[in-house]
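Position in the sequence shown (first residue = 1) + 264 = the working numbering.
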Amino acid sequence: MYSPALNSLARMELEAGRLQSAAQYIVPYFQQYPGLNAARELMSKYYLLLALESIRDGNASVAERTCQD
């Protein structure tokens, strides 16, 4: 996979609030390049946004598990 393209696509999806679409880019990117700061940053942002979405939906336990992941 082409890492700059994955990075850009993942960031656009996160900024648009499309977490499921973002995961399609972020997870493989992180799996392929776990040592890159950009990959770790994207994975962290993804999980943080998932946790915030869970809190907004009233699922505190899901948010807690997401943060632990």
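Here a beta-carbon is modelled for each residue, glycine too, at the ideal position from N, C-alpha and C.
Proximal residues to residue 286 (C-beta, below 7 Å), its chain only, five neighbours per side dropped: Translated into positions along the sequence shown, residue 286 becomes position 22. 274, 277, 278, 310, listed in sequence order.
The alpha helix (DSSP H) with residue 298 in it runs from where to where? Residue numbering aside, residue 298 sits at position 34 when the sequence shown is read from its first letter. Where residue 298 is concerned, there is no enclosing alpha helix (DSSP H), given that its DSSP letter is neither H nor E.
Identify which residue in 331, 318, 325, 294 has its Cα closest to the Cα of residue 266. The sequence position of residue 266 within the sequence shown is 2, counting from 1. The shortest Cα separation from residue 266 among 331, 318, 325, 294 belongs to 294.
Can you grab the Cα-Cα spacing for the pair residue 304 / residue 298, in whole Å? Along the sequence shown, read from residue 1 onward, the residue named residue 304 stands at position 40. Along the sequence shown, read from residue 1 onward, the residue named residue 298 stands at position 34. Computed Cα separation, rounded: 7 Å.
Enclosing alpha helix (DSSP H) for residue 334 [first to last residue]: Because the chain spans 265 through 333 in this model, residue 334 falls outside it and cannot be assessed.
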